[in-house]
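If you read the protein sequences in the order shown, they are chains X and U.
The numbering of the first sequence is my numbering, which starts it at 1 and goes up by one.
The numbering of the second sequence is my numbering, which starts it at 1 and goes up by one.
Since the structure comes first, as structure tokens, the remarks are kept for the end.
There are 2 protein chains.
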Amino acid sequence: MVLRRADVVDGALELLDAEGLDGLTMRKLGAALNVQGGALYRHFPSKEALLDAMAERLLAGVGAPLPAEMPWLDQCREMAERLRVQLLSRRDGARVVAGTYVSGPNTMTAGGRAIELLSSVGFPPEEAAWITFAFFYFVLGHTIEEQALVRLDPAHGWEARLAEAQPVPSPALASAMLAMAKADPAERFRYGVRLFLAGVERRLEELRADGTSGV
Amino acid sequence: MVLRRADVVDGALELLDAEGLDGLTMRKLGAALNVQGGALYRHFPSKEALLDAMAERLLAGVGAPLPAEMPWLDQCREMAERLRVQLLSRRDGARVVAGTYVSGPNTMTAGGRAIELLSSVGFPPEEAAWITFAFFYFVLGHTIEEQALVRLDPAHGWEARLAEAQPVPSPALASAMLAMAKADPAERFRYGVRLFLAGVERRLEELRADGTSGV
DNA sequence: ACCTGAACACCGTTCAAGT
DNA sequence: ACCTGAACACCGTTCAAGT
């Protein structure tokens, strides 16, 4: 029973769920696949390359075609939702993706889909790319924090840290941050997406106003 | 010449510049401070605690008072600028901060300042906190990528990865991503900030429209 | 109180040798 | 071609013992 590249990635994602990113080691992964740690270097030149492949796998489906009849802002929301779901699908998934860059087909397809979508409604391709990446940063940052908060001792989580804070925060600040810690992360995410897309919409109106006289 | 907590943080930030986050080890830091690696555990309970203190130090000044006569949107921009500058002030600074949570006075002051600013123009405190964090995620994601790109071989950087991409990206996508890689990161950052703040502004108008009849 | 020296339990990675 | 076994050069962390 030979070990294929894809089997290694499968096993690594399983182990990621079990141990977290910090506990994911080549030796443990080898053991999970009934192989010595060093044997994995027949399939990947380094642990980093394996993590890249894991990140690629995590982004599967994010760039899948969107319903053409859907309004473009909803299509943007849908892509954001998909990306978040995929990043959260594995423990520390967001951190895994954050450590890698461009490369694989899933990543390219997803990025391409977003740039294409924004271009189709009137953004110059370059600006579409800027928007796509800015948006990606928000989603990544949000999901990294989401996954970090899950691992904090729920009782001794954010409330305790706030209580220990120096200087003592104002009551208004304290209650704002507490409310934030208690809020549903999915709702907070959707709020951020809405905010960002409102800015995108406004920018498009601006572009169209400039364009009507110029073109 | 005793070693103080602050001296360890100073040395760690120096070493961070020299070695990067991955090269920052307790043994090397000890050597830089003319001490055994293990001795550092008299000052910090763990490497993680040291990294937290480094993150705290990096955020110094971000929450400093803003000119009262400055329009609030410019104050928001100014805080974003400050945060970016601080994160970029040390090699891998953004990644250091991304690995930590709340806690210290600089962090609290900065967060408090932003929430206070947004509250003062009419956002409910809780919503102000949501906006602050969403914005923080974008800045962090952007600066992490900025610092990662600096370290990529400039010649074999993004262009080469794009050329190797599977499936081959459309010419439009390829040129969009190439233009993006060549663009001034500071300009791209300001663009993202503007986009986000346009959304914030629109949301505030919405709130005020609701409020006039309700209150 | 602060540091040394040495150890413990790990890492990622390499490589001759096996099958 | 793929894997084993063992090694190399490291890690973070602990702790008796020194000063």
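Virtual Cβ for every residue (Gly too), placed ideally from N, Cα, C.
{"Check": "Closer than 8 Å is the cut-off here; do at least three beta carbon pairs connect the segment 125-138 of chain U with the segment 137-144 of chain X?", "Outcome": "yes"}
{"Check": "Is it right to say Val168/U is buried, meaning 16 or more other beta carbons lie within 10 angstroms of its own, or is it exposed?", "Outcome": "exposed"}
{"Check": "Got a sec? Which residues, its chain only, sit under 6 Å from Gly232/X by beta carbon, not counting five neighbours each side?", "Outcome": "This structure gives no information on residue 232/X, because the portion of chain X shown stretches from 1 to 215."}
{"Check": "Along chain X, which residues have their Cβ under 7 Å away from the Cβ of Tyr41/U?", "Outcome": "Per Cβ cutoff of 7 Å: no residues; Tyr41/U is ~19 Å from chain X at best."}
{"Check": "Between which residues of its own chain and His43/U is the CB-CB distance below 6 Å, once the five residues before and five after are set aside?", "Outcome": "Arg5, Val8"}
{"Check": "Using only CA atoms, which one of Arg151/X, Arg202/X, Glu145/X lies nearest to Met180/X?", "Outcome": "Glu145/X"}
{"Check": "Could you tell me whether the Cβ of Phe138/U comes closer than 8 Å to any Cβ of chain X?", "Outcome": "yes"}
{"Check": "How is Met70/X classed by DSSP in three states: helix, strand or coil?", "Outcome": "coil"}
{"Check": "Counting along the chain, where does the alpha helix (DSSP H) carrying Thr25/U start and finish?", "Outcome": "Where Thr25/U is concerned, there is no enclosing alpha helix (DSSP H), given that its DSSP letter is neither H nor E."}
{"Check": "Along chain X, which residues have their Cβ under 7 Å away from the Cβ of Ala209/U?", "Outcome": "The premise fails here: Ala209/U is roughly 14 Å from chain X at the closest Cβ pair, so nothing lies under 7 Å."}
{"Check": "Run down chain X in chain order and give the residues with a C-beta less than 7 Å from the C-beta of Val200/U.", "Outcome": "Leu195"}
{"Check": "Are there 16 or more other CB atoms within 10 angstroms of the CB of Arg95/U, so buried, or fewer, so exposed?", "Outcome": "buried"}
{"Check": "Please compile the residues from chain X whose C-beta is within a distance smaller than 9 Å of the C-beta of Trp72/U.", "Outcome": "Residues of chain X passing the Cβ test: none, with the nearest at roughly 16 Å."}
{"Check": "Taking all protein chains shown into account, decide if Ala176/U is buried (16 or more other Cβ within 10 angstroms of its Cβ) or exposed.", "Outcome": "buried"}
{"Check": "Which stretch, first to last residue, makes up the alpha helix (DSSP H) that contains Ser119/U?", "Outcome": "105-120"}
{"Check": "Hey, is Phe133/U's beta-carbon within less than 8 Å of any beta-carbon in chain X?", "Outcome": "yes"}
{"Check": "With 16 as the cutoff for other CB atoms within 10 Å, does Met54/U come out buried or exposed?", "Outcome": "buried"}
{"Check": "Is Arg190/U close to chain X? Criterion is C-beta to C-beta, closer than 8 Å.", "Outcome": "no"}
{"Check": "Any beta carbon from chain U within less than 8 Å of Leu58/X's own beta carbon?", "Outcome": "no"}
{"Check": "How far does the alpha helix (DSSP H) with Gln296/U in it extend, from its first residue to its last?", "Outcome": "Because chain U here runs from 1 to 215, residue 296/U falls outside it and cannot be looked at."}
{"Check": "Given a cut-off of 8 Å, decide if Leu29/U and Leu13/U are closer than it, judged by their beta-carbon atoms.", "Outcome": "no"}
{"Check": "Output yes if chain X places a C-beta closer than 8 Å to the C-beta of Met108/U; else output no.", "Outcome": "yes"}
{"Check": "For Leu33/X and Val193/X, what's the separation of their Cα atoms in angstroms?", "Outcome": "40 Å"}
{"Check": "For a contact meaning CB atoms closer than 8 Å, what does Gly141/X contact in chain U?", "Outcome": "Ala98, Phe136, Tyr137, Phe138, Leu140, Gly141"}
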